[in-house]
Structure formats: C-alpha cells, structure tokens
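S.K.: Quick one: structure below, then a few questions.
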Amino acid sequence: MKIALLGTRGVPSSYSGFETCVEQLGLRLVERGHDVTVYCRKHHIKYDGAVYKGMRLVKLDTIRNKYLDTIVHSFISSIHALFHRYDIALYFIAGNSPVTWIPRIVGTKTMLNVDGLDWEREKWPFLAKKYIQLSEFLATKLPDLFITDCAVVQHYYEKQYKVKPPYIPYGSEVSILPPGETLAKFGLEANKYILFVGRLVPENCVDHLIKAFKAIETDLKCVIVGSSSYSDDYINELHALAEDDARIVFTGYAFGKDYLELGSNALIFVETSGVGGTHPALTEAMGFGNCVIVNNTPQNLETISDAGLSYDGKQGDSSLKRVLEDLIEKPELIEEYKERALNRANTDFSWETITDSYESLFFKLLNKK
38 MKIALLGTRG VPSSYSGFET CVEQLGLRLV ERGHDVTVYC RKHHIKYDGA VYKGMRLVKL
98 DTIRNKYLDT IVHSFISSIH ALFHRYDIAL YFIAGNSPVT WIPRIVGTKT MLNVDGLDWE
158 REKWPFLAKK YIQLSEFLAT KLPDLFITDC AVVQHYYEKQ YKVKPPYIPY GSEVSILPPG
218 ETLAKFGLEA NKYILFVGRL VPENCVDHLI KAFKAIETDL KCVIVGSSSY SDDYINELHA
278 LAEDDARIVF TGYAFGKDYL ELGSNALIFV ETSGVGGTHP ALTEAMGFGN CVIVNNTPQN
338 LETISDAGLS YDGKQGDSSL KRVLEDLIEK PELIEEYKER ALNRANTDFS WETITDSYES
398 LFFKLLNKK
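Taken in order, the sequence shown gives residues 38 to 406; the numbers are from our numbering.
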C-alpha cells in the first residue's frame, strides 16, 4: 500500500506520543513492504535527510502559532497529498478532522486517530474548545474511518455520537539501558529517583508531584523530563515551586538515548496528567519495568489495570503524597508492581500487534465497496 501519515510534527519523533506512534508504526509498515510518507513541519524537524528509517519525509511550512500551527500544516499537507494519490491517508488528532475529506477527492481512503478529549485541556480558550468539539463531531463524518487509542474515549464517542470507533492502543516497547552519561550529567543514581515524563502544561498537573515530593522525607530525587512551547507561565511556576529543594531535577526535553537511560533506571514513574487518552510515556514506563502511579482518570486506570497504583487527582498532591510515602516504606511492594507493569506492557502494548491492527483496518478500507 501507498500510505501517508499526516497531522503530527513528523519524524524523527521529538515531541509527543503521536510522533512516537508515527515513527514506530511507520517503520514497521515499511518493513512489511509498504510505501510510507510522513508529512513533517519544516520548522520543527531538524533532520536533514529525505528518508528516515525507510519513511519518505515531506517537509512543509505552516503558520507558527499555537492555534494555527497544526490545522494549517494539515491543510497544506492534504492539498499536497491530492497529487500523490495515496491508498491510505492516516491523520492524527481530532482537530484535523475538517481536512480529512480532501484526499478522498482522488479516491484515497482516510482514517483519523482522534486521541483523547482534547477540549478538556486548560490551554484552550472558549472558542478553541468549541472548535475542537466541532472537530470531534466531524471526525464521525468526514474521514472514511476514525479510531481511538483508549476504550474510555471509545465509549464516549459511542454515547455522544452513537458511533463506536475501533480501538488501537499505543505501544510500550523500549530499549533498556544501564546507568551511564545521562544519569551522571544530572547527578542521578539508578533506582534512586522518581520520574515524570511529559509536556509541562497545566492539565498534566506536574505540580501535584512537585508538591507531594517536597513534603516527603527521602533520599530519592524527583526528575521532571519535558517542557512545552506555549506554557511559559506554568513552567516558571513549577521551577518556583522546586527552587528550594535540590532533590528536584528538571532535564528539559530528553529523547533517544537520554530518554531511554532515564526511563530504564527510574524506581517509580508518576503519570499526573488529568486529561487525554492513552499516554505513551505511561505505557513506555511500564515497558521499562517502572513501578507506576497514576492520576486516577478513567483513561489512566484503564492503561494500568492492576499493574500500577493510583492517587485521587481531585485531592492532588495530598493524595499522591500518601501513595508515595506508603511505597517508599515498602520496597517489596515496589518490586511487585515493577514486575506487574512489565508483564502488562509485554502482553498488551506490543507495537507489532498494534501495527497488525492498523494494517488490517487499512486493508478493510481498501476492500470496502
């Protein structure tokens, strides 16, 4: 098949879970003999090559604006795709649904991964939330098929729009690295730190972890991996919260070897996010064999099943503090949940199985009369 992947920043993945999904899915589709093109935002992708892991890269400009960056790039990419007559155009993010009809003009089958309920994110003002909710509705109408990465979101669409999309989760396969230069650079020791990985935005509730950790007497460190393009005020707030505690380490973004080394050697991983679907950082933490604690959203609880612990997100740091203290006092419990997490990751979040699911849907779309 001739397949286009659109709607993300592109590859090599260097920002969020959707880019990771594009890279992991795309390289496997190439290995299976498919012709894969990834549409990239020129200002974001620093990789100079025209091909990456077998995927052809099309780098196009966009408007560098919080509200227009994604949809403008997806519109331009969709026009470009018209002239290449792909068999399948796979889009990501519900906000891109208004342009998913464009490749259909020339017979391309289009599919959209809607992710979570993006309008719940605090970063969006009123009009942006309304646009996303409209896009959510259009996701059920304009592409040939839409899917979700989370059963909770699947049930939401079924209840809200009377349409049940297929569900395909994210993968968790990672390479395990021993302690090395990255840990040394940040003054860390293996199994001596608590880890968060994600965008530093208000809806990810990283302040829950910083406040809870500061209230605990422990020799462990707390490592915050990530940043954000449009939330400087919140990032400054997090740094201010942590400035009097030398145990708290901010690394900024970490990808590739740095990310793998940090994930491989964490004792506990905390997913504080209060919105979204399946969080790739969480499934990958399970793949690293971390003991995981999550904000008790339905989506997070679905991801961990009985392989992790949770805290009450509405209570915030006070609830998280109790869970952390209990774990730190019971090393045997940490080891039990590390093993549970790894077993669940290996059983339920295989990228090969996920690629099977996408490939199967692609073939069904092409055979659909």
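We treat Cβ as the ideally placed atom computed from N, Cα and C, and that holds for glycine.
Quick one: complete beta strand (DSSP E) runs, 3+ long, within the stretch 315–364?
M.R.: 328–332, 346–348, all fully within the stretch 315–364.
S.K.: Can you give me the C-alpha to C-alpha distance between A344 and P335, rounded to a whole angstrom?
M.R.: The sequence position of residue 344 within the sequence shown is 307, counting from 1. The sequence position of residue 335 within the sequence shown is 298, counting from 1. Their backbone Cα atoms lie some 15 Å apart in a straight line.
S.K.: Scan the stretch 246–303 and note each continuous beta strand (DSSP E) run of 3 residues or more that stays entirely inside, going in chain order.
M.R.: Within the stretch 246–303, the complete beta strand (DSSP E) runs of at least 3 residues are 258–262, 285–289.
S.K.: For the stretch 396–404 against the stretch 217–224, do three or more pairs of beta-carbon atoms, one drawn from each stretch, fall closer than 8 Å, so that the two count as touching?
M.R.: Output reads no: the stretch 217–224 does not touch the stretch 396–404.
S.K.: Thinking C-beta only, is K146 closer than 9 Å to L182?
M.R.: In the sequence shown, the residue the question calls residue 182 occupies position 145. In the sequence shown, the residue the question calls residue 146 occupies position 109. Contact: yes.
S.K.: Restricting to runs no shorter than 3 residues, where is the beta strand (DSSP E) found entirely within the stretch 94–175?
M.R.: Entirely contained in the stretch 94–175, the beta strand (DSSP E) runs reaching 3 residues are, in chain order, 125–129, 146–150.
S.K.: Is Y207 helix, strand or coil when you go by DSSP?
M.R.: Walking along the sequence shown from the start, residue 207 turns up at place 170. Note: Y207 maps to coil in three-state DSSP.
S.K.: Of the choices G350, L43, C242, whose alpha-carbon is the least far from that of V95?
M.R.: Residue mapping note: residue 95 aligns to position 58 of the sequence shown, counting from 1. The option with the nearest alpha carbon to V95 is L43.
S.K.: Are the beta-carbon atoms belonging to A279 and K258 less than 9 Å from one another?
M.R.: Against the sequence shown, residue 279 aligns to sequence position 242. Against the sequence shown, residue 258 aligns to sequence position 221. The answer is no: Cβ separation not under 9 Å.
S.K.: Report back the beta-carbon spacing between I125 and I40 to the nearest angstrom; my notes put them in contact at under 8 Å.
M.R.: The count along the sequence shown starts at 1 and reaches residue 125 at position 88. The count along the sequence shown starts at 1 and reaches residue 40 at position 3. With 8 Å as the limit, I125 and I40 qualify as a contact, their Cβ atoms being about 5 Å apart.
S.K.: Check whether the Cβ of S268 lies closer than 9 Å to any Cβ atom in chain C.
M.R.: Absent from the structure: chain C. Only one protein chain is present.
S.K.: Going along the chain, which residues of its own chain have a beta-carbon closer than 8 Å to the beta-carbon of S266, five neighbours each way excluded?
M.R.: Counting from 1 along the sequence shown, the entry for residue 266 is found at position 229. If we look at S266 and ignore the five residues flanking it on each side, its Cβ neighbours are K103.
S.K.: Please confirm whether any heavy atom of the ligand MG lies closer than 8 Å to the CB of S347.
M.R.: Of the ligands one can find in the structure shown there are none, so the ligand MG has no counterpart to examine.
S.K.: Leaving out the 5 sequence neighbours to the left and right, which residues in its chain are closer than 6 Å to R46 when beta-carbon positions are compared?
M.R.: Residue mapping note: residue 46 aligns to position 9 of the sequence shown, counting from 1. Once the five neighbours on either side are set aside, the close Cβ partners of R46 are Y52, E56, R78, H81.
S.K.: Measuring alpha carbon to alpha carbon, tell me which of G144, L299, P135 ends up nearest R122.
M.R.: Within the sequence shown, residue 122 is the residue found at index 85, counting from 1. Among G144, L299, P135, the Cα nearest to that of R122 is on G144.
S.K.: Could you please give the first and the last residue of the uninterrupted beta strand (DSSP E) stretch that includes Y230?
M.R.: Residue 230 sits at position 193 when you count from the first residue of the sequence shown. Element bounds for Y230: 230–234.
S.K.: Closer than 7 Å by C-beta to S387: which residues in its own chain qualify, once you throw out the five before and the five after it? Chain order, please.
M.R.: One-based indexing of the sequence shown puts residue 387 at position 350. Here the set comprises G208, E210.
S.K.: Taking I341 as the reference, give the member of N302, E376, R381, K358 with the closest Cα.
M.R.: As a position in the sequence shown, residue 341 is number 304, starting the count at 1. If we check each option's Cα against that of I341, R381 comes out closest.
S.K.: Could you give the distance in angstroms between the alpha-carbon of I365 and the alpha-carbon of I371?
M.R.: To locate residue 365, count along the sequence shown from 1; it is residue 328. To locate residue 371, count along the sequence shown from 1; it is residue 334. Rounded to the nearest angstrom, the two C-alpha atoms are 8 Å apart.
S.K.: Check for me: the alpha helix (DSSP H) holding V73 runs from which residue to which?
M.R.: Numbered from 1 along the sequence shown, position 36 holds the residue referred to as residue 73. Here V73 belongs to no alpha helix (DSSP H); instead the beta strand (DSSP E) covers 72–78.
S.K.: For the structure I just gave you, are there three or more beta carbon pairs, one from the stretch 299–306 and one from the stretch 232–241, closer than 8 Å?
M.R.: Contact holds: three or more Cβ-Cβ distances are below 8 Å.
S.K.: According to DSSP, which residues form a beta bridge with Y89?
M.R.: Here the question's residue 89 lines up with position 52 in the sequence shown. DSSP output for Y89 lists M92 as bridge partner(s).
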